[in-house]
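Residue numbers (this note's numbering), protein chains in the order written: chain A, 5 to 259; chain B, 228 to 597. Structure, as structure tokens:
Here it is, written out as structure tokens:
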């Protein structure tokens, strides 16, 4: 692949809707096997950027290559090799998880071990449950499960932990790290900085359609401190979330 | 990275959508209620009370004498419509199909006595007996109970010579069932498709499908196939229940069933087009029912589902005759009761196809993927 190790190459990407410029000339690369985070406030252009890379949306200009394929020309090749989890995507709510996995196995034209897939996301005992009966965290885990069916090279997760309680969030973090450990590249968007700090090797921070910073979380923090920044109050060694999790347990549970 | 070019099979993907969608339809109570339960309830209700058709259409031949008490008494009765003869074969054909209840030919013999040549049919066994008793009653009133005639030495009262044309009995189920079948196809086509596509769009299921290698037309085909499978199964159940519980007439048996199912497919494709159109126009879930009702309600009432269109006032009939369900119903009834082959139903099928072209042209214009 072009001699480098990039699985995603974005160059001068622009997306306009009429007069509104949602993405304004951004460039970045994602390396094979890393967890890359796209951060930024609502409306910064994260989801638009992600959907262009996922071949779900046309770009206005610039070039985007995924696994060496051009998104404008080889969308079909890309779709076979990536897994996409959408913000708040639903399924046929009355179907069971096994039935829904059958659907996606057919959609990807692959063979897959459904039991093993459910086990991977901790939903073994929910195999025969209807999708609509799942809790928020279980729905997100199942949603991620459908992205793993065809053993993709890259998995895209759009705000996977929004609206989840701390336990469910930690469960998902474990799952995402486990996916990375299998050699899959993960691209994630999030509003939670602790999440980005915990999961991502590198993050890009978007604001008004542009990337305003890109580096590892630790380096970004160091850069800020080097510039003479002092936090408003000293942070303690533990957080309130740690207290909460310590008191209420951290194991996977039926939230 | 696997670079081996694996051939992706769109049909396989489409079938997996069809299967999931069918499972989903079967688990949705409203789909089952609209497609099966409602039509069956109507069939049961109307099947038992029967059509209260206290109305007789009596054909009168050209040669029949009109200037006599019998003809005049009949013509003056409110429940009797006198139908003058236009064409002899057409006349007896109408009788055989149950569109006429009797054909009357009144002649005077050499002695001046009236002879009533009555042709009836057992297509409508009930009305056949009514016609005879109405005639006997008239004879009784005007001759036998009339002292003037009673005083005469020779009998002058007319004789009835009845000929019965053997025909299949046209039962109320034979009218009701095709109408209910058409209504079932209409509601499952329009409501089902409109809700499903709006839902798939709003819950981003469509978008999730877009992220897989399946092509967009195959998503639509998969959903349509599920709807078609479900509706045809429903149609078959309705036909079989009609046949075995209510004696619904299937002239050529299995062939008739197959023809009815073929008509169902055509009707359903047209009605699903309305559904696609509604899902494209509707802004949200709550605007689906009013839009879908605009399509279904007029057809439900005006397409001869419950009453023959001929029972409507004249000004309403052109509207009825413009609606697709009218022609589906008409075609169904002809296929089931008269055994008319599909290629003889050019007018009905042609109008349905025309509706299909118009509706899909509009649906493609308004259809939204996101």
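For glycine and all other residues, C-beta sits at the position ideal for the given N, C-alpha and C. Just so you know, these numbers come straight off a predicted model, no measurement behind them.
So with Cβ pairs under 8 Å, would you call residue i a contact of chain B?
i                      : result
residue 28 of chain A  : no
residue 259 of chain A : Confidence in residue 259 of chain A is poor, its pLDDT being 48 and thus under 50, which makes the residue's placement unreliable; the coordinate value appears in the next sentence. Answer no: the Cβ-Cβ gap between residue 259 of chain A and chain B never drops below 8 Å.
residue 112 of chain A : yes
residue 93 of chain A  : yes
residue 226 of chain A : no
residue 132 of chain A : no
residue 1 of chain A   : Since the displayed chain A opens at 5 and closes at 259, residue 1 of chain A lies outside it and no answer follows.
residue 199 of chain A : no
residue 212 of chain A : no
residue 38 of chain A  : no
residue 84 of chain A  : yes
residue 88 of chain A  : yes
residue 54 of chain A  : no
residue 80 of chain A  : yes
residue 99 of chain A  : yes
residue 178 of chain A : no
residue 74 of chain A  : no
Looking only at its own chain, which residues have a Cβ that is under 8 Å from the Cβ of residue i, when we skip the five neighbours before and after it?
i                      : result
residue 136 of chain A : 97 and 98
residue 112 of chain A : 84, 153 and 154
residue 183 of chain A : 148, 152, 159 and 190
residue 228 of chain B : Bear in mind that a pLDDT of 43 at residue 228 of chain B, under 50, signals an unreliable position, so the model cannot answer this.
Identify which residue in the options has its Cα closest to the Cα of residue i.
i                      : options                       : result
residue 366 of chain B : B:299, B:488 and B:430        : B:299
residue 545 of chain B : B:431, B:247, B:529 and B:493 : B:529
residue 497 of chain B : B:551, B:478 and B:574        : B:551
residue 143 of chain A : A:82, A:171 and A:101         : A:101
residue 477 of chain B : B:418, B:553, B:388 and B:395 : B:395
residue 37 of chain A  : A:63, A:44 and A:10           : A:10
residue 164 of chain A : A:126, A:88 and A:235         : A:88
residue 63 of chain A  : A:28, A:93, A:92 and A:86     : A:28
With a threshold of 7 Å on Cβ separation, who are the neighbours of residue i within its own chain once the five nearest residues in sequence on each side are excluded?
i                      : result
residue 500 of chain B : 583, 586, 587 and 590
residue 494 of chain B : 409, 412, 555 and 579
residue 201 of chain A : 221
Is residue i close to chain A, meaning its C-beta is less than 8 Å from at least one C-beta of that chain?
i                      : result
residue 348 of chain B : no
residue 559 of chain B : no
residue 595 of chain B : no
In three-state terms, what does DSSP make of residue i?
i                      : result
residue 176 of chain A : helix
residue 388 of chain B : strand
residue 100 of chain A : strand
residue 19 of chain A  : strand
residue 158 of chain A : strand
residue 532 of chain B : coil
residue 370 of chain B : helix
residue 50 of chain A  : helix
residue 438 of chain B : coil
residue 478 of chain B : coil
residue 219 of chain A : strand
residue 250 of chain A : helix
residue 426 of chain B : helix
residue 65 of chain A  : strand
residue 431 of chain B : coil
residue 165 of chain A : coil
residue 326 of chain B : coil
For residue i, which residues in the same chain have their Cβ closer than 6 Å to its Cβ, ignoring the five residues on either side in sequence?
i                      : result
residue 192 of chain A : 41 and 161
residue 486 of chain B : 562 and 569
residue 92 of chain A  : none
*Identify each residue in the region 435-465 of chain B for which the Cβ-Cβ distance to at least one residue of chain A is less than 8 Å, and report them in chain order.*
435, 436, 437, 438, 439, 440 and 441
_Short-range partners of chain A found in the region 230-255 of chain B, where Cβ spacing is below 8 Å_ = 233, 235, 236, 239, 240, 242, 243, 244, 246, 247, 248, 250, 251, 254 and 255
*Cβ-based contacts, 9 Å cut-off: residues of the region 488-511 of chain B near chain A*: none
*Can you list, in chain order, the residues of the region 421-433 of chain B whose Cβ is nearer than 9 Å to any Cβ on chain A?*
426, 427, 429, 430, 431 and 432
*the region 116-142 of chain A: which residues have C-beta closer than 9 Å to a C-beta of chain B, in chain order?*
134
*Which residues, in chain order, does the region 231-246 of chain A contribute to contact with chain B at a C-beta distance below 9 Å?*
none
*Taking Cβ-Cβ distances below 9 Å as the criterion, which residues of the region 16-27 of chain A are in contact with chain B?*
none
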